[in-house]
Amino acid sequence: MTDSIEDILDEIRAGRMVVMMDDEDRENEGDLIVAAESITPEQVAFIVRHSSGIICTPMSSDRVEALRLPQMVPENTESHRTAFTVSVDYRHGTTTGISAADRAATIRALADPESHERDFNRPGHIFPLRADKGGVLSRAGHTEATVDLMRLAGKRPCGVICEIVNDDGTMKRAPDLIAFAKEHGLKIGTIADLIRYRLANERTISRVASQEVQTPHGPFQLVVYEDQIDNCLHLAMVRGQPSPERPTLVRVHVRNTLADLLKIQHASFGWPLENALKRVAEEGEGVVVILRMPETPAEMVARVSGLDNPESQPESEASEQELRTYGLGAQILSNLGVRQMRVLSAPKRLSAISGFDLEVIEYVQ
Numbered sequence: 019m020t021d022s023i024e025d026i027l028d029e030i031r032a033g034r035m036v037v038m039m040d041d042e043d044r045e046n047e048g049d050l051i052v053a054a055e056s057i058t059p060e061q062v063a064f065i066v067r068h069s070s071g072i073i074c075t076p077m078s079s080d081r082v083e084a085l086r087l088p089q090m091v092p093e094n095t096e097s098h099r100t101a102f103t104v105s106v107d108y109r110h111g112t113t114t115g116i117s118a119a120d121r122a123a124t125i126r127a128l129a130d131p132e133s134h135e136r137d138f139n140r141p142g143h144i145f146p147l148r149a150d151k152g153g154v155l156s157r158a159g160h161t162e163a164t165v166d167l168m169r170l171a172g173k174r175p176c177g178v179i180c181e182i183v184n185d186d187g188t189m190k191r192a193p194d195l196i197a198f199a200k201e202h203g204l205k206i207g208t209i210a211d212l213i214r215y216r217l218a219n220e221r222t223i224s225r226v227a228s229q230e231v232q233t234p235h236g237p238f239q240l241v242v243y244e245d246q247i248d249n250c251l252h253l254a255m256v257r258g259q260p261s262p263e264r265p266t267l268v269r270v271h272v273r274n275t276l277a278d279l280l281k282i283q284h285a286s287f288g289w290p291l292e293n294a295l296k297r298v299a300e301e302g303e304g305v306v307v308i309l310r311m312p313e314t315p316a317e318m319v320a321r322v323s324g325l326d327n328p329e330s331q332p333e334s335e336a337s338e339q340e341l342r343t344y345g346l347g348a349q350i351l352s353n354l355g356v357r358q359m360r361v362l363s364a365p366k367r368l369s370a371i372s373g374f375d376l377e378v379i380e381y382v383q
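Every position in the sequence shown, counted from 1, becomes a number in my numbering once 18 is added.
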């Protein structure tokens, strides 16, 4: 039903467009993707005609820094924390910046290593996006998928994406996306397959230590993992012997100073770490992954400010803002032999989770 990642990469190398969706067995949205360095006005016109019209250019962090593109806002509250920079237009040989030719020129210039910060006007009509350094293995989004595809295809680390829509403005879902790709002769793939492709050849985490430890809830095996992207250490507390043959109780917990240190309770914090460890101990088998993600001052202030609002972001919504975390957690769980998960969490959307060979059997609230 979908094409292989090798076929997708061949299309990228040839400068042709492809369609990428999260996972073919879900009601997912899909994006048109093409290499930025060779995009044509005709391709831009096609993208605009069949999409939301907001053309974005995912690029590597190094490229964003080389062009000195600041983030669009100091505090990102967008639902998936998509890292928009300021929008731009190419200064040379363009007019208003909105035509297909002007936008193609801007996109090609963003990918051109000879271009510099001074070559672009701000704001503009093209929206660069900063990709996570770990790609889809850290953050399973279209931004990271695009840069991964460019890298794997031998292209410059800058691509083009835009969400595909129906004539009435609603987003196309999996069945319509497959029909759309067939109608226009486009290859179609999934982020889940891209994750599988990368996992067959690489990881962004590695196990560096393991030791049995005693806790108030009895013995656990403490396993330490190193994130090779930023050298941050993450922990897994394992009880029993998780097996891919049976469902395992799991919790992926992001370190939260207010909840973990001060024991403050709030709907947006989900399962307290202590409660998760206690529940796994009672179960007799399970895994609690503890991700040590950095807390920015803005995030800390926002958490404190939101404490007086009991309606603010239950965990099922807040998790959408932490898309990067589950890619790391998924790698750790996979390394520990977990396949079927009973997740200590409110129900949530986990895009492309099957790419890590993981399946959610149940949410335990």
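Where a beta carbon is used, it is the ideal one built from N, C-alpha and C, also for glycine.
- Message: What would DSSP say about Q349, mapped onto helix, strand or coil?
- Response: In the structure shown, Q349 sits in a helix (DSSP, three-state: H, G or I).
- Item | Spatial distance of M35 from V183 (CA atoms) | So the two alpha carbons sit approximately 16 Å from each other.
- What's the call for G111, buried or exposed, on a 16-neighbour Cβ count within 10 Å? Classification of G111: exposed, given that the 10 Å Cβ count is below 16.
- What three-state label does DSSP hand Q246 in the structure shown? Annotated three-state conformation of Q246 is coil, per DSSP.
- CB-CB length for R273 against L295, believed under 8 Å: No, R273 and L295 are not in contact; Cβ-Cβ is about 14 Å, not under 8 Å.
- Message: Residues in the same chain with beta-carbon distance under 6 Å from T161, minus the five sequence neighbours each way, listed in chain order, please.
- Response: The beta carbon of T161 is closer than 6 Å to those of P76, L147, A149 in its chain, skipping five residues each way along the sequence.
- Query: Where does K200 fall in DSSP's three states?
  - Reply: K200 carries a helical assignment under DSSP once its states are collapsed to helix, strand and coil.
- Item | Simplified DSSP state of R44, which is helix, strand or coil | Because the pLDDT at R44 is just 48, under 50, the model does not fix this residue reliably, and the value given afterwards should be weighed accordingly. Of the three classes helix, strand and coil, the one that applies to R44 here is coil, per DSSP.
- Message: Measuring CB atoms only, is the segment 162-173 touching the segment 21-40, in the sense that at least three cross pairs come out at less than 8 Å?
- Response: When Cβ pairs closer than 8 Å are counted between the two stretches, the segment 162-173 is seen to touch the segment 21-40, the count reaching three or more.
- Task: Compare the beta carbon distance of I223 and D194 with 8 Å and say whether it is the shorter of the two.
- Result: Result no, Cβ atoms of I223 and D194 do not sit closer than 8 Å.
- Determine the burial state of Q383: buried for a count of at least 16 other Cβ atoms within 10 Å of its Cβ, exposed for fewer. Flag for Q383 reads exposed.
- Message: Mapping the DSSP letters down to three states, classify P365 as helix, strand or coil.
- Response: Three-state DSSP puts P365 in coil, outside helix and strand.
- Unbroken alpha helix (DSSP H) run spanning E292, endpoints: Judged by DSSP secondary structure, E292 falls within the alpha helix (DSSP H) whose first and last residues are 291-301.
- Message: My output table needs one value for L411: the three-state DSSP class, helix, strand or coil.
- Response: The structure shown does not extend to residue 411, since the chain is modelled only from 19 through 383, so no value can be given for it.
- Item | Residues near P227 by beta carbon distance below 6 Å, same chain, minus five either side | Going by the sequence as given, residue 227 is Ala instead of Pro. V242, listed in sequence order.
- Query: Rounded to a whole number of angstroms, what is the C-alpha to C-alpha distance between V62 and N46?
  - Reply: V62 and N46: Cα-Cα distance of roughly 23 Å.
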